[in-house]
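Colleague: Protein chains in written order, with this note's numbering: chain G, 1294 to 1498; chain E, 98 to 183.
A virtual CB, placed ideally from N, CA and C, is assigned to each residue, including glycine.
These numbers were taken from a predicted model, which means no experiment stands behind them.
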Amino acid sequence: MTRIMTLIVAAGVVVAAHGPRVTAATAEETQNVRPAFEHVHALAFDIGARTVWLGAHTGLFRSENGGMSWSEVRLPVGHNDPDVMAVTPHPRDAAVLYVATHEAGVLKTTDGGRTWSEVNSGLGGLDVHGLAIDPNAPDKLHALVRDKGEGVYRTTNGGQKWVRVDDGPGGETKVLTSVNLATGMGGIYLYAGTAEGLQRDPDCF
Amino acid sequence: MGGLPTGTVNGFAVDPSNANVMYVAMRDGIFRSTNGGGKWTLAASGPKNVAAITVNPKKPNEVYAATMDGSIVRSVDGGVHWTAMK
């Protein structure tokens, strides 16, 4: 993916609209019946399709009723509302979820969001804009780090240790996803949504 | 790899039951491919300024998307028609 990702679409710019900010919560979770998020970055079902997770500039939210109402989920980092850039559910275990943040790296829960741990060992920076989990080998993930330590990092043990493996796609990355399409080289594809369009590359670098 | 407009890809989602079916969220709207990204079709009834998108793993024709201002929309026919969540 070192600047050689297949360019699927050419460049462009999107200016994000500003929506109303969700009122800060004092409890661990706050009901927000009418969704009002600022800068939505990510949306994801858990594998059981019971929970819809939403990541935004104002934090992490969950819905248990198909998006009709939302609760804010407090993440245990040194920020009131971390900027959640990616939400990556485990493809087999609904209790396991990874979250990438703008300022605190990657967090992981193994109990459906009740408790969280930072899994940043080996990451060169904590501004993570993309997080992809391998659907065939869920302990294998790729993280796209921006600015300090920028590049693509890989873990093969569920986030216990990350190793930098590539420079990453050209253009600002918005989303990174492992797609279960065989490359013919023993791996599958990583798709990246970027400011320069949709790009993909074999994940075997 | 045709059919996507020039611009930023904000969101991307894949049908877990068929990885050739994928969705892209862009300022111009929601686009769907059924051949791994070779060809894309705009969901004409979908919203603009789309920030994120996801597929229900239990009902792959049910797709949710979020717009940049935080509105949630849903499709139950694989992205052809979309309705806002109230």
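Beta-carbon within less than 6 Å of K1401(G)'s beta-carbon, same chain only, minus the 5 sequence neighbours each way: which residues are those?
Modeller: In the first sequence, residue 1401(G) corresponds to position 108, counting from 1. Answer for K1401(G): Y1391, S1410, V1412 and G1452, listed in chain order.
Colleague: Determine the direct distance from the alpha carbon of D112(E) to that of G1479(G), and round the result to whole angstroms.
Modeller: Position 186 of the first sequence, counted from the first residue, corresponds to residue 1479(G). Position 15 of the second sequence, counted from the first residue, corresponds to residue 112(E). Approximately 21 Å, taken between the alpha carbons.
Colleague: Give me the residue from A122(E), P102(E), T105(E) and S142(E) with the minimum Cα distance to T151(E).
Modeller: Translated into the one-based positions of the second sequence, residue 151(E) becomes position 54. Minimum Cα distance to T151(E) is reached at A122(E).
Colleague: How would you list, in chain order, the residues of chain E whose beta-carbon sits under 9 Å from the beta-carbon of G1444(G)?
Modeller: Your numbering for residue 1444(G) matches position 151 in the first sequence. What G1444(G) touches in chain E: nothing, since even the nearest Cβ is about 20 Å away.
Colleague: What runs of the beta strand (DSSP E), each 3 residues or longer, lie entirely inside the region 1387-1453 of chain G?
Modeller: Runs of the beta strand (DSSP E) inside the region 1387-1453 of chain G: 1390-1394, 1399-1402, 1421-1426, 1434-1438 and 1444-1448.
Colleague: Rounded to whole angstroms, what's the CA-CA distance from M182(E) to T164(E)? Just pull it up for me.
Modeller: In the second sequence, residue 182(E) corresponds to position 85, counting from 1. In the second sequence, residue 164(E) corresponds to position 67, counting from 1. Taking the straight line joining both Cα atoms gives about 12 Å.
Colleague: Applying a beta-carbon distance threshold of less than 7 Å, which residues of chain G neighbour P154(E)?
Modeller: Taking the second sequence and counting its residues from 1, one reaches residue 154(E) at position 57. Within 7 Å Cβ-Cβ: F1338, I1340 and A1342.
Colleague: Given this structure, state the Cα-to-Cα distance separating T103(E) from I127(E), to the nearest angstrom.
Modeller: Taking the second sequence and counting its residues from 1, one reaches residue 103(E) at position 6. Taking the second sequence and counting its residues from 1, one reaches residue 127(E) at position 30. Roughly 13 Å separates the two Cα atoms.
Colleague: Cβ atoms of W137(E) and G175(E): under 8 Å apart, would you say?
Modeller: Indexing the second sequence from 1 puts residue 175(E) at position 78. Indexing the second sequence from 1 puts residue 137(E) at position 40. No, these two residues do not count as a Cβ contact at 8 Å.
Colleague: Does the region 1419-1434 of chain G touch the region 1378-1397 of chain G, meaning 3 or more C-beta pairs lie closer than 8 Å?
Modeller: Verdict: yes, contact present.
Colleague: Taking Cβ positions, are H1334(G) and A148(E) nearer each other than 8 Å?
Modeller: For this step, residue 1334(G) is matched to residue 41 along the first sequence. For this step, residue 148(E) is matched to residue 51 along the second sequence. Yes, Cβ-Cβ distance for H1334(G) and A148(E) is below 8 Å.
Colleague: Can you confirm whether T1476(G), when its beta carbon is compared against all beta carbons of chain E, has any partner nearer than 8 Å?
Modeller: Here residue 1476(G) refers to the residue found at position 183 of the first sequence. By this cut-off, T1476(G) is not an interface position.
Colleague: I'd like to know if I150(E) contacts chain G, where contact means its C-beta is closer than 8 Å to some C-beta of that chain.
Modeller: Within the second sequence, numbered from 1, the residue matching residue 150(E) stands at position 53. At least one chain G Cβ lies under 8 Å of I150(E).
Colleague: Thinking W1455(G) and L1416(G) are a contact (beta carbons under 8 Å), I'd like their distance in whole angstroms, please.
Modeller: The residue you call residue 1455(G) lines up with position 162 of the first sequence. The residue you call residue 1416(G) lines up with position 123 of the first sequence. Indeed, because the Cβ distance is near 5 Å, the residues count as touching under 8 Å.
Colleague: Going by the beta-carbon positions, is the gap between V1377(G) and G1348(G) smaller than 8 Å?
Modeller: Counting from one through the first sequence, the residue named residue 1377(G) turns up at place 84. Counting from one through the first sequence, the residue named residue 1348(G) turns up at place 55. Yes, Cβ-Cβ distance for V1377(G) and G1348(G) is below 8 Å.
Colleague: If we ignore side chains and look at the alpha-carbon of each, how far apart do Y120(E) and P1369(G) end up?
Modeller: Along the second sequence, one-based indexing puts residue 120(E) at 23. Along the first sequence, one-based indexing puts residue 1369(G) at 76. Y120(E) and P1369(G): Cα-Cα distance of roughly 32 Å.
Colleague: In terms of DSSP beta bridges, what is D1459(G) paired with?
Modeller: Counted from its first residue, the first sequence places residue 1459(G) at position 166. The partner list for D1459(G) (beta bridge, DSSP) reads V1445(G).
Colleague: Whose CA, out of V1438(G), T1470(G), N1373(G) and A1342(G), lies closest to the CA of Q1492(G)?
Modeller: Taking the first residue of the first sequence as position 1, residue 1492(G) is located at position 199. Of V1438(G), T1470(G), N1373(G) and A1342(G), the residue nearest in Cα terms is T1470(G).
Colleague: In three-state terms, what does DSSP make of S1362(G)?
Modeller: Position 69 of the first sequence holds residue 1362(G). Coil at S1362(G), not helix or strand.
Colleague: Could you check whether the Cβ of V1421(G) sits closer than 8 Å to any Cβ belonging to chain E?
Modeller: Counting from 1 along the first sequence, the entry for residue 1421(G) is found at position 128. No, its Cβ sits nowhere closer than 8 Å to a Cβ of chain E.
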